[in-house]
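In our numbering, the protein residues as written are 13 to 212.
Backbone N, C-alpha and C fix where the C-beta goes; we use that ideal spot for every residue, glycine too.
Have a look at the structure below, then the notes.
In structure tokens:
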């Protein structure tokens, strides 16, 4: 098991044993989905306190280096263990970009979990101001304007290390026209602790 920590806020961490437990839970929930068509039911009471606090997590699935599903929560509104179990199942079976994961694929899946801090509103006066405030390889970013919204986890910096590319692709993901900017855009940043199962 190879664990990586890419975007850790100094005030936010998970123990090594907690990370291993969450990865195991995510895989168990996908297996339960294959067997029963639903995520595994979690009893938060059997877990330690750090799992029972409300938490927001994204679960990303990759197969042979290619994205196979990614679903998550932006706001913490349920126990972290429940959020991980539900989002692991959703990433495997309900991501509209992909067909549901099959049993033959299951053991080929690499699972990565990103546990998010509470998003913080940014005071942004212009697109250049936003770019100047972003810290590559640390900040996750959410942009909103009207019905459009896009989110990039901090891990996306690994593929888009340039601030211009990072923001351009995020605006594209949100459905904005190329070169779009408006004074009504709201921006939130967040941090995350990220860890994955590299043995798959």
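- For residue 76 and residue 120, the gap between their C-alpha atoms comes out near 7 Å.
- Using a 10 angstroms sphere on the CB of residue 35, the tally of other CB atoms reaches 16 or more, which defines it as buried.
- For the region 119-152, the full-length beta strand (DSSP E) segments reaching 3 residues or more read 121-128 along the chain.
- Judged by DSSP in its simplified three-state form, residue 73 adopts strand.
- Shown here for residue 156: same chain residues with a beta carbon closer than 6 Å to its own, the five before and five after excluded, namely 198 in chain order.
- For residue 68, the pairing in a beta bridge is given by DSSP as 128.
- By the neighbour-count criterion, in which 16 or more other beta carbons inside 10 Å mark a residue as buried, residue 144 falls on the exposed side.
- DSSP places residue 113 in the coil class of the three-state scheme, outside both helix and strand.
- Shown here for residue 92: same chain residues with a beta carbon closer than 6 Å to its own, the five before and five after excluded, namely 63, 67 in chain order.
- Ranked by Cα distance from residue 132, the options 30, 54, 42, 204 are led by 204.
- By the Cβ criterion, the region 100-116 is not in contact with the region 178-187, since fewer than three pairs of Cβ atoms, one from each stretch, lie closer than 8 Å.
- Judged by beta-carbon spacing, residue 41 lies within the 8 Å limit of residue 100, meaning their Cβ atoms are closer than that value.
- Scanning its chain for C-beta atoms nearer than 7 Å, with the 5 sequence neighbours on each side dropped, one finds around residue 96 the residues 34, 37, 38, 69, 71, 125, in chain order.
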